[in-house]
Structure formats: structure tokens, C-alpha cells
Amino acid sequence: HKIYDRHTKTVPFTLILACFDLFADGQPAKKDFYEPEKTSMILVDIGIFAHNESAGIRAMLRNLLVQELFREPAFDVHLHVLANGCTDATVAEAQQAISEHGATIHATVHDLPEGGKSRTWNRFVHDISRPEAETLAFLDADIYIPQTHMLRDLCNFLITSPSLAGASSRPVKDIAHEPSKETLKKTF
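Yeah, the sequence shown ends on 603 if you go by our numbering, and it's all consecutive.
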């Protein structure tokens, strides 16, 4: 099932959130319920999938790091840039963007030698994300999130919907939000 709420209908990016509990063998299991009394903070790990994104990764991270989720005291967020199989300056650009931000966020740029979204997804879920993280977010590196409350609202929606194991956004073309003159010229 695709899950849409009023906030996700206008978001031009690929985003999937998943709630996981882990079996003793480390394999993900569907989270059947949310128990806020277990911990005072909700643990969220965000994985940004980046393959040769040096031209846009800084702008993407600047946009992402203004999300309210990073300042919300109820959430403990770890950000992981998953530079996979890159042959350009993606790693250096991501590191620079994070250091320029200057905020006290937990962020790591991973220089993964092998590319591939499936391989990177598996590395993030099984090796990189915290085993105790209750929510994992998967973002492509070429996205733009127009509302600063979006990730917080999606996490809250997923966490407070015990029958859901995941939620995804609906991709919308950039022109739907800010059509540039050049884009309009090409369209007409």
C-alpha cells in the first residue's frame, strides 16, 4: 500500500520511512506497535543514497539540514550520506556541506567503494544504521524538500500509525513548486 497524507502530496522527492524492530538474529521485523515509554527519544537514522552527486549534494544537504526533525527534542537523528561507487567529488562535497552547517548533528559521510542502490540499501540497513533505531529514512541525493516540517511530520505519522511498517512520498516534478523561466521556455 502507498501511504499518503496531506503533507506528502506535494513533496518532490523519493522518501521511504520504515519502522523496524529486530529479531534476535538481526533481521528486520515489522513493528507492530509503538511504545513511547520505552525511551524518551525516538531514534531515527537517515540514509542519503548518493552516486556521483558532487554537483548537487551540497545544496541537497543544506536543504535537508534545515528540517525541523534535527531540532526536535523528541528525536535522536543520525544522518548518513551513503556515497556509493562514486568517481567524482561527492564525498568531499558532502563533508564540506556538513562542516559548513556547523550545527550539532550526528552526521557521517560513508565512502562505499561499490555502487548500486540495492547493495547500498543492504549496507545501510544491516551494517551502518543503529540496530536500536526505530525509524529508518531512505532519501535520494537529488531531492528537494520544500517544507521544513516534512520529515518530522512523516516520522510522527509513521510512529503513531501502529498498523503501518512504512510510508513513502509521492514524487512531484520540481516545476510544480518553482517553475524557472528556462523550464517554462522549454515547455511552451
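We treat Cβ as the ideally placed atom computed from N, Cα and C, and that holds for glycine.
With fewer than 16 other CB atoms across the displayed protein chains lying within 10 angstroms of its CB, residue 541 is exposed.
Burial state of residue 562 is exposed, judged by a 10 Å Cβ sphere holding fewer than 16 other Cβ atoms. Collapsing the DSSP output to three states places residue 503 in coil. Within the same chain, 458 come within 7 Å of residue 547 by CB-CB distance, once the 5 residues on both sides are set aside. Under the three-state reduction of DSSP, residue 564 is assigned to coil, being neither helix nor strand. For residue 497, same chain residues with a beta-carbon under 8 Å away, outside a window of 5 residues either side, are 462, 463, 464, 465, 525, 527, 535, 538, 539, 543 in chain order.
With distances taken between CA atoms, residue 492 lies nearest to 522 out of 585, 522, 511. Counting every other CB atom within 10 Å of its CB across the protein chains shown gives residue 456 a total below 16, marking it as exposed.
Less than 7 Å divides the Cβ of residue 500 from the Cβ of residue 530. By the neighbour-count criterion, in which a residue is buried when 16 or more other Cβ atoms sit within 10 angstroms of its Cβ, residue 515 is exposed. Shortest Cα-Cα distance from residue 573 to any of 585, 550, 509, 586 involves 550. The closest CA to that of residue 481, considering only 560, 467, 469, is found on 560. The Cβ atoms of residue 469 and residue 504 lie closer than 7 Å to each other. Around the beta carbon of residue 489, fewer than 16 other beta carbons lie within 10 angstroms, which makes this residue exposed. In its chain, beyond the 5 residues on either side, 556 have a beta carbon closer than 6 Å to the beta carbon of residue 475.
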